[in-house]
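> Right, I'll just put the structure down here and ask away after.
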Amino acid sequence: MDLNPDSLKIAASRVGNTKIRATLQHDVFDTFPADWHGRFDSVSMYYLLHCLPGEMTTKAKAIKNAGMALKPGGTLFGATILGKEVPHNAFGKKLMAVYNKKGIFSNTNDSADTLRSVLDEHFAKVTLEQHGAVALFSATMPRSL
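Numbers -14 to 130, taken from my numbering, label the letters of the sequence shown in order.
Structure (structure tokens):
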């Protein structure tokens, strides 16, 4: 699933069409189609959240939608670059400022605490580890909201 059709094409060419069961051009902020609810063992959000527009409370909609797509016992996992209360070297700070100004990133106020809060709101079991400016997370047992 991706909003960008080019990303779907590139992924298919790298993985091979015979290994892909389904693709969906879709916005993660929109509720997934009904036939995608409870369909997946896992959903990956590697390096996605810091690219989504808005504050972490806005990005929570994408996290909630991903939880709805999980089978019972399924896991949401991923990584994101944090922008607040994390160490960035001088080059990293400059690059983050440029990317946020251009709208490539939207993570100026993203912190491990805000990410954990959103994950805890939507999942009963959450793990989050911070490594430098990156948060690695996994979540299971989606809450019914």
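Cβ atoms here follow ideal geometry from the backbone N, Cα and C, with glycine treated the same way.
What is the C-beta distance between alanine 45 and glutamate 106, in whole angstroms, given that I count them as a contact (C-beta under 8 Å)?
As a first step, residue 45 must be located in the sequence shown, where it is residue number 60. As a first step, residue 106 must be located in the sequence shown, where it is residue number 121. Between glutamate 106 and alanine 45 the Cβ distance is about 7 Å, and since that is below 8 Å, they are a contact.
> Exposed or buried, which one is valine 83 when buried takes at least 16 other CB atoms within 10 Å?
For the purposes of this step, residue 83 is taken as residue 98 along the sequence shown, with counting starting at 1. It counts as exposed.
> Could you check if alanine 47 is buried or exposed, using at least 16 other CB atoms within 10 Å of its CB as the buried criterion?
Counted from its first residue, the sequence shown places residue 47 at position 62. Buried, because 16 or more other Cβ atoms sit within 10 Å of the Cβ of alanine 47.
> In chain order, what residues of the same chain have a beta carbon less than 7 Å from the beta carbon of methionine 126, not counting five sequence neighbours either side?
Position 141 of the sequence shown, counted from the start, is the residue given in the question as residue 126. Phe108, Ala109, Lys110, listed in sequence order.
> Any contact of the segment 27 to 41 with the segment -2 to 9, i.e. 3+ C-beta pairs under 8 Å?
These segments do not touch.
> Determine the DSSP secondary structure at threonine 3, reduced to helix, strand or coil.
On the sequence shown, position 18 is the one that residue 3 refers to. Here threonine 3 sits in helix by DSSP.
> Cα-Cα, which of Asp95, Met81, Ser96 is closest to isoleucine 89?
Taking the sequence shown and counting its residues from 1, one reaches residue 89 at position 104. The residue with the shortest Cα to Cα distance from isoleucine 89 is Met81.
> Determine the direct distance from the alpha carbon of glycine 68 to that of phenylalanine 14, and round the result to whole angstroms.
Mapped onto the sequence shown, residue 14 falls at position 29. Mapped onto the sequence shown, residue 68 falls at position 83. Computed Cα separation, rounded: 21 Å.
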